[in-house]
Amino acid sequence: MDIKALLKQKKSVKSSITKLLKKTEDEIRELNNVSLLVRKNRFLELRTEIKDIFNSIIPSCEDRDEETYCTEKDDILDELEAVLVSIDTQLVPPVVKSDFEARKQNSDQVSVSSQSAEVKLPTLSLPIFSGATEEWLAFSDLFEAAVSNNQNLTGAQKLQYLKGSLKSDALKIVNSLSITNDNFEIAWKLLKDRYFNKREIVSSLMKKFINITPLSGESSTQILNLIDSTKEFVRTLESLEYKIDLTTDTLLMHIILFKLDTNSRIWFERTFSTDVIPKLDELLQFLATQARSITSSTSKRNVQKKVTLVASKAQSQCPLCNKDHSLSKCESFLKLSVQKRSEFVKSNNVCFNCLTQFHGIKACKSKFRCRTCKKPHHTLLHFESVSGRGRQTSGELSNSSKLSINAPVFKPASVSNESSSKEIPDNSQTVDITSCISNVSPNVEILLCTAVIRVKDLWGNYQACRCLLDSGSQASLITSECLEKLGLRKQKANIRISCLGSADTRTNGIAQIQFIPHFPSQSSFKTEVYVVNKIVGMLPHQNLDLSYSDLFNDLTLADPMFHKSSQVDILLGIDLTLPLLKGQTLSMGEDKPFAVRSELGWVIGGKASSFSPTLHVNNIHLVSDDLIHKFWELDSVPQTHPLTSLERSCEEYFRETHSRDKDGRYIVRLPFNSCPTQLGQSKQTAIRRLFSIERHLSCDPEKYNRYRQFMNEYLKLNHMIVVPESELDKPNSYYLPHHAVLRDSSSTTKLRVVFDGSCKTSSGHSLNDCLMVGPRVQPELFQILIQFRVFQVAVCADVEKMFRQIKVHEDDVDWQRILWRNSPEDAIREYRLVTVTYGTACAPFLSTRTLRQLALDEVKNYPLASKATLCNFYVDDLLGGAGSREEAIQLVTEMQAMMKKGGFHLRKWISNEPSIFREVFIDSQEKEFVHLDDGDCKVLGLGWSPSLDVFRFTVVPDQLEATYTKRGVLSQMARVFDPLGLLSPCVIFMKILLQQLWQGKFSWDQPLPDELSSIWRTFQEELHLLKRVTFPRYVLKPNAVVEVHGFCDASEKAYCAAIYIRCISIDSIRVSLLTSKTRVAPLKVQSLPRLELCSALLLANLLQATLPALTVRISETLAWSDSKITLAWLKSEPRRWQPFVANRVAQIQELTHNVHWNFVSGLENPADCGTRGILPTKLEQCDLWFNGPDWLKSSTFPNEEFEENPQLQED
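In our numbering, the protein residues as written are 3 to 1213.
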């Protein structure tokens, strides 16, 4: 933090101290003990804060100001000490007695107390704990000694003191507990369970220790702080029973040694001979001696400083007007132009940096720099260059942050390289941004796309935040207030952000967030966000009419309250906004808002009537070297992630609370992460939503009829029951609004009613806010599809109404109430949903975890079905199979029986051997649920022809257009679903084109240049030909030896990794493409050898994700590359190379330690097809991509030898 920010922070804290001192002085005699204790703790916090600020200011300030700051610091601390003494005096009797006082009082009860003088110790101040893990040990030790172990205090008193000693997130844990004797032990246990985690404490301590600020010079204060921090670290480790052995001692000693300034390190090295390894205690002893030496010479240096100050005072005459002030404050100097000031400074031997005489800029000791460009000259001498913004007067500049509706539209002037002389900091780059606004009606509000997301906080809970989806921002942002609410930590990042119509600002840091949609979903997203004080004003800028909400009441909205003015906590930039959008739009007519489907729900944008004449323009541009490269990583290799503490808690809660009824059905509890009693009133909202959906359905009788059928079926199956009249007014309940979702592609349920567990109550909380989402308990889609390709006989099915076959415990069903009536003429009735409900946050976890529990419970009775349920289910879809027809029959039989045990029923059976169903399903009623047609079907989004046993891809292209836009191109690209990378040569063609669109900086609806339009038109004309491309589902051969061959390659545009299965039987060899992944080359140009190395790393990660999913024995795994440089890197030690190469080589070697790397010719490398892009017509004829090189079908492989070159360079 620079000196300017520190001084601003000091001013703020000092102001708080002054106000609190005055307030305490007036009220101290009227405050009770608890209030005094709270006031005392606040003063202690302020004392620590102001000390830290001064400790940062003093080493950074100029020498002439050091004594002033030291005096100011002492004065403030003296005032604080005085008020603390006054508070301690007023605390009568003492709030907390010391252990000595407690023991003495107990002993005096059996002795003659009047004959001995009792020693009164000073009152102990209770510590303050805010939830930082590294502070728990110190807090708990002091609190236990002062309060918990004090026999004179009741449990209620102890709990009162405990609450007074907590703040922020720590206070939230116990805040709901009432002040009773029994609740203290409960509160203390809750805190201990949350924060006493040895692993987290040690990790936090290590991070804090390693990040100790290095010494900036020979300062006794900094040295003593370093000694204290080190000793505190060692003592804490020892209290956790971690012994400091000789190796640890040496490591700690060297860490501290590297924190020393140059002079201190030189003096320390002279103290010991070269063959002696010093100990940590010896280093700390040396530092203590060094600090005393510096302190003893302080008085002498202070005298010298005072003499210097007097001398400078005599020379502080202004060289321009000869008056008693500095040149920077001279009115005559300030009236001069910058050019005239510069000429005067040159001719009068004045320093360009500090504006004092008799030294040049090279000899200047001032640490201050120009506030505008950070260069070594005074701000008054800064030349503002004329750039593309055009010439502006000072008046124009001062008012540039305001933009009038009637403002003229400016076109940016072209700027040549020679004319741009504005100085830019070395660590940033500038890109000009121009926003033009015209023909804006003052009675129209433009709705920006907002969404409510649930962001994971420091403690594993998900908190609701409102975000803005901004495709015009090159970075994602978060407000400081939101980051503090989440408890997340930020790292230092000094990035300049350029905003339309205002001066540049800088970020306060950078942090990582993980978020999910506000409704139940398996989707989860991570991104880096820059921290700013404020993103934008209230959106929308005023509340809109409720009728706008009614337009979209049958959709799952990303922001259900989009029509209400509210603040924005997070801004999602272009790298997240575009992948989140699914391309489907819904228009409500001219001059009305529209809806766009996204992963977060339907986002609302467009025009809405308004009576406010104010126009608001928001445009954000990030100035940084790393802009949007992550956007091009469209497909990623699946990676496993450890469970969070909240996910572990959800899993443990399920194991402890689930049960089965007499029929074998499972009964589960709703996993609350916070007390549901915090929910407010929700019935009135549910009534309003019911009226709204009735109005909507009355316009579509067919849809209304389907809605009634769905609800009547719910009631008929006893999945919901009527609430008895005696329980209608039960306070602890939540009413779920509901709406319809149409799925025309579904072969069974065209209309499904979805319940809204994210609807806010009067308290601002929803049911989903109080529920844990739970971990993922099923394999990834990629792994399931890989396994699906190794079964000779494939078997697919899905679970009928899976959610509704699982009962919810009777104690939790009142949190799932709904309102319903068959027609507007009927009375509204209240119902309880007694099964797991679609729309609650925990529903996906409860359903999939119950399915998993069934497999675990029945593993002995149904081993095949149990294994298939654990490994081959994706939500409610089974993609399994067997190695033979007999085994498949056994699998289907076991699956039916096992599912029936748990109350589930499988339907929509599909297989490439449909005859197995004729033997299993003798009952004609079951045969209705079997797919026996020869047509294609969908399995997890992939087209599959069971009769031919091949995968197909059906893409319906848009009509050819005369002109194309970026929006239309991206919409078409998003329709190609290829999770296994079978179409990578065609998909990479689209990715490369999309990267060119971004590099061209075209707007969404701007017509593309003729060259790019021609390229896309050619590709689009052939897109429909992909339906002729087929890939065999089954990639093995019975009783064959199986080998895995991975290929990688790179070009200047992209790099690719592909994996092939080679099956060797007695009579033939079969080779099949299993999977592939591609990446677009980064925007920052890299050398071809480095890109080849990146492709090798992509292959290593792909092998790591694929091999565990193959359920057959692999005899050998080989990797092939056509880059001899890459292979030479992989055969050498990583430390030989620079970090870019070394890090990737180390990762590849770790991931492929059982894989043999080989050289292949570039002409025989199938991965080359995925690096340049192939049109669909050529892909159909590309045998190299489908079957790999010809020599894979022979018994001999290429074996070109090459030697490792010790002089090999990276580039």
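The C-beta atom is built at its ideal place from N, Cα and C for all residues, glycine as well.
Residue span of the beta strand (DSSP E) that contains residue 457, given as start and end
Your numbering for residue 457 matches position 455 in the sequence shown. Residue 457 -> beta strand (DSSP E) spans 452-458.
At what residues does the beta strand (DSSP E) containing residue 1123 begin and finish?
In the sequence shown, residue 1123 corresponds to position 1121, counting from 1. Here the beta strand (DSSP E) through residue 1123 covers 1116-1123.
Apart from the five residues just before and just after residue 789, which ones in its own chain have a Cβ nearer than 7 Å to its Cβ?
Translated into the one-based positions of the sequence shown, residue 789 becomes position 787. Counting only residues of its own chain and dropping the five nearest sequence neighbours on each side, residue 789 has a CB closer than 7 Å to the CB of 873, 874, 1111 and 1113.
Compute the Euclidean distance between the alpha carbons of residue 826 and residue 696, then round it to the nearest angstrom.
Translated into the one-based positions of the sequence shown, residue 826 becomes position 824. Translated into the one-based positions of the sequence shown, residue 696 becomes position 694. Each residue's alpha carbon lies about 7 Å from the other.
Starting from residue 1078, trace the beta strand (DSSP E) both ways and give me its first and last residue.
Mapped onto the sequence shown, residue 1078 falls at position 1076. In the DSSP annotation of this structure, the continuous segment of the beta strand (DSSP E) that includes residue 1078 starts and ends at 1071-1082.
Can you tell me where the beta strand (DSSP E) holding residue 882 begins and where it ends?
Here residue 882 refers to the residue found at position 880 when the sequence shown is read from its first residue. Looking at the DSSP string, the run of the beta strand (DSSP E) that includes residue 882 is 879-884.
Please state whether DSSP places residue 943 in a helix, a strand or coil.
Taking the sequence shown and counting its residues from 1, one reaches residue 943 at position 941. In the structure shown, residue 943 adopts coil according to DSSP, grouped into three states.
Which two residues bound the contiguous beta strand (DSSP E) that contains residue 256?
Stepping through the sequence shown from its first residue, residue 256 is reached at position 254. Careful: residue 256 lies outside any beta strand (DSSP E), inside the alpha helix (DSSP H) at 248-259.
Endpoints, beta strand (DSSP E) assigned at residue 819:
Position 817 of the sequence shown, counting from 1, holds the residue named residue 819. Element bounds for residue 819: 819-822.
For the alpha helix (DSSP H) holding residue 846, just list the boundary residues, first then last.
Position 844 of the sequence shown, counted from the first residue, corresponds to residue 846. Secondary structure note for residue 846: its alpha helix (DSSP H) is the uninterrupted segment 845-859.
Determine the burial state of residue 1006: buried for a count of at least 16 other Cβ atoms within 10 Å of its Cβ, exposed for fewer.
Here the question's residue 1006 lines up with position 1004 in the sequence shown. Exposed: under 16 other Cβ atoms inside 10 Å.
In this structure, does DSSP put residue 873 in helix, strand or coil?
For the purposes of this step, residue 873 is taken as the residue at position 871 of the sequence shown. Residue 873: helix per DSSP, three-state reduction.
Near residue 529, which residues of its chain fall below 6 Å by C-beta distance, leaving aside the five closest residues on each side in sequence?
Counted from its first residue, the sequence shown places residue 529 at position 527. Closer than 6 Å at the Cβ level, and outside the excluded window around residue 529, lie 478 and 578.
Around the C-beta of residue 860, are 16 or more other C-beta atoms found within 10 angstroms, so that it is buried, or is it exposed?
Translated into positions along the sequence shown, residue 860 becomes position 858. Classification of residue 860: buried, given that the 10 Å Cβ count is 16 or more.
Suppose contacts are defined by Cβ-Cβ distances below 7 Å. Is residue 819 in contact with residue 765 by that definition?
Counting from one through the sequence shown, the residue named residue 819 turns up at place 817. Counting from one through the sequence shown, the residue named residue 765 turns up at place 763. No, Cβ-Cβ distance for residue 819 and residue 765 is not below 7 Å.
Residues near residue 313 by beta carbon distance below 8 Å, same chain, minus five either side:
Stepping through the sequence shown from its first residue, residue 313 is reached at position 311. The predicted position of residue 313 is uncertain, since its pLDDT is 30 and thus under 50; no value can be drawn from it.
Using only the heavy atoms of the ligand COA, determine whether one of them is closer than 6 Å to the beta carbon of residue 1024.
In the structure on display, the ligand COA does not appear, and there are no ligands present to speak of.
Have a look at residue 394 and residue 535 and give me their C-alpha separation to the nearest angstrom.
Translated into positions along the sequence shown, residue 394 becomes position 392. Translated into positions along the sequence shown, residue 535 becomes position 533. Here residue 394 scores only 36 on pLDDT, less than 50, and its place in the model should not be relied on; the value that follows carries that caveat. Their Cα atoms are separated by approximately 28 Å.
Could you give the distance in angstroms between the alpha-carbon of residue 82 and the alpha-carbon of residue 454?
As a first step, residue 82 is located in the sequence shown; it is residue number 80 there, counting from the start. As a first step, residue 454 is located in the sequence shown; it is residue number 452 there, counting from the start. Their backbone Cα atoms lie some 45 Å apart in a straight line.
Give the straight-line distance between the Cα atoms of residue 684 and residue 770, rounded to the nearest whole angstrom.
Taking the first residue of the sequence shown as position 1, residue 684 is located at position 682. Taking the first residue of the sequence shown as position 1, residue 770 is located at position 768. Using only the alpha carbons, I get a separation of about 13 Å.
Counting only runs of 4+ residues fully inside the stretch 324-350, write out the alpha helix (DSSP H) ranges in chain order.
333-337 and 340-349
For residue 832, which of helix, strand or coil comes out of DSSP?
Numbered from 1 along the sequence shown, position 830 holds the residue referred to as residue 832. It is a strand residue.
Got a sec? Which residues, its chain only, sit under 7 Å from residue 1053 by beta carbon, not counting five neighbours each side?
Taking the sequence shown and counting its residues from 1, one reaches residue 1053 at position 1051. Apart from sequence neighbours up to five positions away, the residues of its chain that approach residue 1053 with a beta-carbon distance below 7 Å are 1173 and 1174, ordered along the chain.
Thinking C-beta only, is residue 852 closer than 7 Å to residue 808?
As a first step, residue 808 must be located in the sequence shown, where it is residue number 806. As a first step, residue 852 must be located in the sequence shown, where it is residue number 850. It is a contact, given that the beta carbons lie within the stated cut-off.
Just to confirm the assignment, what range does the alpha helix (DSSP H) spanning residue 1187 have?
By 1-based counting over the sequence shown, the position of residue 1187 is 1185. Here the alpha helix (DSSP H) through residue 1187 covers 1185-1189.
Beta strand (DSSP E) containing residue 722: first to last residue?
What you label residue 722 is simply residue 720 of the sequence shown in a count that begins at 1. Segment 722-724, the beta strand (DSSP E) holding residue 722.
Which one of 562, 383, 643 and 509 has the shortest CA to CA distance from residue 466?
If you number the sequence shown from 1, residue 466 lands on position 464. When each option's Cα is compared against that of residue 466, the closest is 562.
Buried versus exposed call for residue 323 [16 or more other C-beta atoms within 10 Å across all chains shown]:
Mapped onto the sequence shown, residue 323 falls at position 321. The residue is exposed, with fewer than 16 neighbouring Cβ atoms inside 10 Å.
Can you tell me whether residue 294 is buried or exposed? The criterion is at least 16 other CB atoms within 10 Å of its CB, across all chains shown.
The residue given as residue 294 occupies position 292 in the sequence shown. Exposed.
Let me check understanding here. Comparing Cα to Cα, which of 858, 842, 580 and 663 lies closest to residue 812?
As a position in the sequence shown, residue 812 is number 810, starting the count at 1. For the residues 858, 842, 580 and 663, the minimum Cα distance to residue 812 belongs to 663.
Could you give the distance in angstroms between the alpha-carbon of residue 1062 and the alpha-carbon of residue 1029?
Counted from its first residue, the sequence shown places residue 1062 at position 1060. Counted from its first residue, the sequence shown places residue 1029 at position 1027. Roughly 22 Å separates the two Cα atoms.
Between residue 1 and residue 761, how many whole angstroms is the CB-CB distance? I'm expecting something under 8 Å.
Because the chain in this structure spans residues 3 to 1213, residue 1 falls outside the shown range and cannot be described.
According to the Cβ coordinates, are residue 149 and residue 160 closer than 7 Å?
Counting from 1 along the sequence shown, the entry for residue 149 is found at position 147. Counting from 1 along the sequence shown, the entry for residue 160 is found at position 158. Taking 7 Å as the Cβ cut-off, residue 149 and residue 160 qualify as a contacting pair.
So is residue 701 buried or exposed if we call it buried at 16+ other beta carbons inside 10 Å?
Residue numbering aside, residue 701 sits at position 699 when the sequence shown is read from its first letter. When all chains shown are included, residue 701 counts as exposed.
Using CA coordinates, which residue listed in 907, 784, 779 and 801 is at the minimum distance from residue 858?
Taking the sequence shown and counting its residues from 1, the one referred to as residue 858 is at position 856. Measuring from the Cα of residue 858, the nearest candidate turns out to be 779.
Rounded straight-line distance, which links the Cα of residue 380 to that of residue 391
On the sequence shown, position 389 is the one that residue 391 refers to. On the sequence shown, position 378 is the one that residue 380 refers to. Summary for residue 391: the model assigns pLDDT 34, below 50, so the residue's position carries little reliability, and this model does not support an answer.
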